[in-house]
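Numbering (our numbering), first residue to last: 4 to 634.
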């Protein structure tokens, strides 16, 4: 769709009244930037506004695009949705995806350009998640066949750090059969030979795919030039969780004067150390990309009381952490921070369910404004919570639950799922879903491709209308109780075209398997449709937006809720705290900073029994937490 270009000097934000001064400076800066920002600082909103600014002012002219890379699919989806809402006419030139999707997409599309010794040809490969025992066995077997000196060096390699720290830091040579310069290089190349080179169906993980993508662009100058020409602007969200392999790859591809890279992160929220997150990722980015640093210090999410709580925890991670300023509208009569203790899990669930039900009834809040979060193993909480909340007319959505081979949060946030469920929603509801229409239109644009002209946009809108009308007609002939979930998914897919969807996955959501996605969606539909009285209710139940979310702290990252309940403040949930207190504090910080106005911790164990997490209890006490013992 054609749109009038705006002046960079008079451009104003869309959807928000203003930005803080540092955000304005970073948004307008023409070079690479490192933006540090704590929870609630509006990192996603800043990136959405910068994308809108670049697209609307012509600083990123067609056909050039902006590439946004996130650690989590949730973050990638949220950012894409904000850009669509702010500049729908140019959103097709904004591509938001995860690191793994981007690197795997390059390998899948350009495998034929790899050096001959690494070329995939027509072979397929399996994405593997190697377990520590398998890595240990490989190192032990390899070490036994080497000289005593080399065996000692090999056995000194920590199996849990092998992939991120050893495999992830080696730049693959064009010829893997040449002499090796170190024991680490020898071990890495033998690993590659065992799992990749000697098999007709290689098994590789995403760290290995990253290394293949790095080799690909280093050995293929035309591809490298094409990437830099296509994406003169690159955003990287949650940069504090970047691994050595990822930052090396970024530098290989986009460490060039013609590319302006924006890294956004917060070192206090580095919770992926176990997966290889670098200690100094942001400072390395500043050096590698000659980036100028900007610090955002406003908190648009949390009340002043909770910002004070967050700062106390923040200083346990970084003693010189900057005090942020709450810009959130305060709500009176809230106790911001409490610890509730219960004699058992049944009493805990019953009280929480009644308290939340009463709060919803006495306010204009919805279920979606509450979250139940735990350090791990949320499935252990689910049955008791579900029973208690159901008695009070409330539902729990376990975002960590498995449907097919996908976790619910990953399934619901995938572009393909959002497109198919969006079509089902539009077909089941004749009116009143403008936001779903806009998002579905943006996804259809990406599936079909569009020149971006006004005429092309009208064609797309007509196509979306036809799809929803045809699907609505089909639904009107089907009884919800007797219609198989797989048939529903297959029919919607056939309307769009399975090949078109498969191509979309390969091109923009690489790293995923369409068949697994459709299978997982069918399992999800089957789990909810039998309790629905009609198609509109079934469509809503798939996403279960008006439910209380249950998830791990890791899955909560980047999200926000009015009230957050952190379950399991005890040694069982936080059993590994003593092993790495710094990462434990960071995880704790991420969880509690999801709350806008109220933060509740619960436990069914007396504080005297929780010796491992005594430092966390001390921090909460210093932050002013009230303790209430419920019978």
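We treat Cβ as the ideally placed atom computed from N, Cα and C, and that holds for glycine.
| Asked | Found |
| --- | --- |
| Reduced DSSP secondary structure (H/G/I, E/B, other) of residue 436 | coil |
| Simplified DSSP assignment, three categories, for residue 615 | coil |
| Separation of residue 372 from residue 15, as counted between CA atoms | 30 Å |
| Simplified DSSP state of residue 74, which is helix, strand or coil | coil |
| Residue burial classification, residue 519 (beta-carbon count within 10 angstroms, cutoff 16) | exposed |
| Alpha helix (DSSP H) segment containing residue 158, residue limits | 151-158 |
| Through-space distance from residue 547 to residue 471, alpha-carbon basis | 21 Å |
| Beta-bridge partners of residue 302, as assigned by DSSP | 329 |
| Secondary structure of residue 367, DSSP reduced to three states | coil |
| Any non-hydrogen atom of the ligand SAM closer than 8 Å to residue 302 Cβ | Inclusion of the ligand SAM in the displayed structure is not the case, the ligand content being empty and no account of it being possible. |
| Where residue 585 falls, given that 16 or more other Cβ within 10 Å makes a residue buried | exposed |
| Beta-carbon proximity check, residue 370 vs residue 334, cutoff 9 Å | no |
| Counterpart residues of residue 207 in DSSP-defined beta bridges | 130 |
| Residue 143 to residue 158 span [Cα, whole Å] | 7 Å |
| Identified DSSP bridge partners for residue 196 | Per DSSP, none; premise fails for residue 196. |
| Exposure label - residue 163; buried when at least 16 CB within 10 Å | exposed |
| Nearest-angstrom Cβ-Cβ length linking residue 337 and residue 601, presumed shorter than 8 Å | 5 Å |
| Stretch-stretch touch, CB-based, cutoff 8 Å, three pairs: the stretch 409-424 with the stretch 562-575 | no |
| Three CB pairs or more closer than 8 Å across the stretch 553-560 and the stretch 392-403 | yes |
| 9 Å Cβ cutoff met for residue 45 and residue 26 | yes |
| Where residue 21 falls, given that 16 or more other Cβ within 10 Å makes a residue buried | exposed |
| Host alpha helix (DSSP H) of residue 1 (start-end) | Any answer about residue 1 is impossible in this case: the structure gives the chain only from 4 up to 634. |
| Residue ranges of each beta strand (DSSP E) within the stretch 243-292, 3 or longer | 263-268 |
| Where residue 555 sits in the DSSP three-state scheme | strand |
| Residues that residue 100 bridges to, as DSSP identifies them | 72 |
| Assigned secondary structure, residue 14 (DSSP; H/G/I helix, E/B strand, else coil) | coil |
| Inter-residue Cα distance where the pair is residue 320 and residue 594 | 14 Å |
| Cβ-Cβ distance between residue 237 and residue 262 below 9 Å | yes |
| Neighbour-count burial assignment, residue 83, 16 or more Cβ in a 10 Å radius | buried |
| Same chain, Cβ closer than 7 Å to residue 89, five either side skipped, listed in chain order | 17, 18, 51 and 55 |
| Nearest candidate by alpha-carbon position, reference residue 706, set 384, 302 and 478 | No information on residue 706 is available, as it lies outside the stretch 4 to 634 that the chain covers here. |
| Same chain, Cβ closer than 6 Å to residue 592, neighbours up to 5 away in sequence not counted | 271 and 316 |
| 6 Å CB neighbourhood of residue 227 in its chain, flanking five on each side removed | 220 |
| Distance between beta carbons of residue 576 and residue 379, contact taken as under 8 Å | 6 Å |
| Beta-carbon proximity list for residue 289, same chain, < 7 Å, skipping 5 on both sides | 37 and 296 |
| Closest Cα partner of residue 245 within the set 352, 284, 217 and 323 | 284 |
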